[in-house]
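Visitor: First to last, the protein sequences are chains A and B. Residues in the first sequence are numbered consecutively from 1, following our numbering. Residues in the second sequence are numbered consecutively from 114, following our numbering. Heads up, the beta-carbon is just placed ideally off N, CA and C, and yes, glycines get one too.
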Amino acid sequence: AAGVIQSPRHLIKEKRETATLKCYPIPRHDTVYWYQQGPGQDPQFLISFYEKMQSDKGSIPDRFSAQQFSDYHSELNMSSLELGDSALYFCASSPSDSLGEQFFGPGTRLTVL
Amino acid sequence: QKEVEQDPGPLSVPEGAIVSLNCTYSNSAFQYFMWYRQYSRKGPELLMYTYSSGNKEDGRFTAQVDKSSKYISLFIRDSQPSDSATYLCAMSPYTGGFKTIFGAGTRLFVKA
């Protein structure tokens with residue numbers, strides 16, 4: 001079965017640089033979520049989108065922005081990167097009629113040097 | 114106090130044991146309750162999800178939700194070494210946004 005695809009899988013950036021993470025949801029899933037997971041931490045909800053509109057917002061820094069496109073893929077843009085932004089970033093998707101079924105992608109490991 | 118509390122463990126059991134994992138929560142608005150399994154450096158894998166109260170069984174896994182006590186459980190029967198992982202509970206209110214809160218995760222070790 002198709003799964004959530006994230007790219008890139010690994011990313012190394014310098015402080016103050018910009019990064020863009022991409023997420024391709026499972027086909028026919030119209031809801032996308034972004035999470036940040038630090039070492040030894042639980043996933044922290046950042047933001048979600050339903051039908052290309054932002055539907056909820058969590059602890060996402062103002063330096064981050066995200067959007068969902070017409071083909072339902074989503075991008076997380078991170079600017080002025082800080083050392084503390086180093087983490088695993090997960091995207092998850094779900095169908096809107098079964099919001100409890102969030103399926104996670106493999107994650108993007110971001111390292112900020 | 115966190116909205117979702119989960120004992121981080123570690124929990125070590127012999128192969129074949131019944132494992133009981135649980136979480137408590139404080140937000141009475143939570144309606145969706147999920148359990149995920151996460152292996153090191155991998156994405157969380159959805160094991161079970163329940164809407165509102167009740168029990169749900171899937172193979173060796175049983176999820177229970179007691180909204181009156183704000184307490185959820187995951188039982189694993191006939192545990193296997195391959196079940197060794199971190200188990201995360203997650204929950205969300207039934208809103209248009211679906212902000213999801215995770216527990217800290219319980220590390221489980223199943224010894225052969």
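Which class does P43 (chain A) belong to by DSSP, given the choice of helix, strand or coil?
Guide: Within the first sequence, the letter at position 43 stands for residue 43 (chain A). The answer is coil: DSSP assigns P43 (chain A) none of H, G, I, E or B.
Visitor: For E75 (chain A), list the residues DSSP reports as bridge partners.
Guide: Taking the first sequence and counting its residues from 1, the one referred to as residue 75 (chain A) is at position 75. Its beta-bridge partners are A:K22, A:Q67.
Visitor: Is the stretch 180 to 193 of chain B in contact with the stretch 87 to 104 of chain A, if contact means three or more CB pairs nearer than 8 angstroms?
Guide: Not touching, per the Cβ criterion.
Visitor: What's the gap between the Cα of S7 (chain A) and the Cα of E14 (chain A)?
Guide: Translated into the one-based positions of the first sequence, residue 7 (chain A) becomes position 7. Translated into the one-based positions of the first sequence, residue 14 (chain A) becomes position 14. Between S7 (chain A) and E14 (chain A), the C-alpha separation is close to 18 angstroms.
Visitor: Where M53 (chain A) and V126 (chain B) are concerned, what is the direct C-alpha to C-alpha distance, given to the nearest angstrom?
Guide: Mapped onto the first sequence, residue 53 (chain A) falls at position 53. Mapped onto the second sequence, residue 126 (chain B) falls at position 13. Roughly 45 angstroms separates the two Cα atoms.
Visitor: Is A142 (chain B) buried or exposed, if buried means 16 or more other CB atoms sit within 10 Å of its CB?
Guide: The residue labelled residue 142 (chain B) in the question sits at position 29 within the second sequence. Counting Cβ neighbours within 10 Å, A142 (chain B) comes out exposed, since fewer than 16 surround it.
Visitor: Output the distance between the C-alpha atoms of Y162 (chain B) and M147 (chain B), rounded to the nearest integer angstrom.
Guide: Here residue 162 (chain B) corresponds to residue number 49 of the second sequence, with the count starting at 1. Here residue 147 (chain B) corresponds to residue number 34 of the second sequence, with the count starting at 1. Computed Cα separation, rounded: 4 angstroms.
Visitor: According to DSSP, simplified to helix, strand and coil, what is S197 (chain B)?
Guide: Here residue 197 (chain B) refers to the residue found at position 84 of the second sequence. Three-state DSSP puts S197 (chain B) in coil, outside helix and strand.
Visitor: So, is S205 (chain B) buried or exposed, given that buried needs 16 or more other C-beta atoms within 10 angstroms?
Guide: The sequence position of residue 205 (chain B) within the second sequence is 92, counting from 1. So S205 (chain B) ends up on the buried side.
Visitor: Buried or exposed: where does Y145 (chain B) fall if 16 or more other Cβ atoms within 10 Å of its Cβ makes it buried?
Guide: Against the second sequence, residue 145 (chain B) aligns to sequence position 32. The residue is buried, with at least 16 neighbouring Cβ atoms inside 10 Å.
Visitor: Please tell me whether K212 (chain B) has its Cβ less than 7 angstroms away from any Cβ of chain A.
Guide: Within the second sequence, numbered from 1, the residue matching residue 212 (chain B) stands at position 99. Yes, K212 (chain B) counts as interfacial toward chain A.
Visitor: Which same chain residues end up closer than 7 angstroms to V223 (chain B) when comparing Cβ atoms and leaving out the 5 residues on each side of it in sequence?
Guide: One-based indexing of the second sequence puts residue 223 (chain B) at position 110. Contacts found: V126, E128, S192, Q193, P194, D196, S197.
Visitor: Strictly by DSSP, which residues pair up with V32 (chain A)?
Guide: Residue mapping note: residue 32 (chain A) aligns to position 32 of the first sequence, counting from 1. Answer by DSSP bridge pairing, in chain order: A:F49, A:S93.
Visitor: Can you name the start and end residues of the beta strand (DSSP E) that S59 (chain A) belongs to?
Guide: Looking up residue 59 (chain A) in the first sequence gives position 59. No beta strand (DSSP E) contains S59 (chain A), which DSSP labels as neither H nor E.
Visitor: Is the number of C-beta pairs between the stretch 15 to 29 of chain A and the stretch 70 to 78 of chain A that are closer than 8 angstroms three or more?
Guide: Because the criterion of three Cβ pairs below 8 angstroms is met, the stretch 15 to 29 of chain A and the stretch 70 to 78 of chain A touch.
Visitor: Quick one: list the residues of chain B neighbouring D42 (chain A), beta-carbon separation under 7 angstroms, in chain order.
Guide: As a working note, residue 42 (chain A) is residue 42 in the first sequence. Ordered by position in chain B, the residues that pass the 7 angstroms Cβ test against D42 (chain A) are L201, F215, G216, A217, G218.
Visitor: Residues bridged to G4 (chain A) by DSSP?
Guide: The residue given as residue 4 (chain A) occupies position 4 in the first sequence. The question names Gly, but residue 4 (chain A) is Val in the sequence shown. Partner(s): none; V4 (chain A) has no beta bridge.
Visitor: So with CB distances below 7 angstroms, who are the chain A contacts of Y162 (chain B)?
Guide: Numbered from its first residue, the second sequence carries residue 162 (chain B) at position 49. Ordered by position in chain A, the residues that pass the 7 angstroms Cβ test against Y162 (chain B) are G100, E101.
Visitor: If we ignore side chains and look at the alpha-carbon of each, how far apart do L81 (chain A) and V132 (chain B) end up?
Guide: Numbered from its first residue, the first sequence carries residue 81 (chain A) at position 81. Numbered from its first residue, the second sequence carries residue 132 (chain B) at position 19. Cα to Cα, the separation comes out at about 41 angstroms.
Visitor: What are the residues that DSSP puts in a beta bridge with E170 (chain B)?
Guide: For the purposes of this step, residue 170 (chain B) is taken as residue 57 along the second sequence, with counting starting at 1. E170 (chain B) pairs with B:T175.
Visitor: Can you find the residues in the same chain that come closer than 7 angstroms, C-beta to C-beta, to P106 (chain A), ignoring five residues on each side of it along the sequence?
Guide: As a first step, residue 106 (chain A) is located in the first sequence; it is residue number 106 there, counting from the start. For P106 (chain A), where only same-chain residues beyond five positions count, the Cβ hits under 7 angstroms are Q6, R9.
Visitor: DSSP three-state label for L81 (chain A), please.
Guide: Along the first sequence, one-based indexing puts residue 81 (chain A) at 81. Looking at L81 (chain A) - three-state DSSP - the assignment turns out to be coil, as it is neither helix nor strand.
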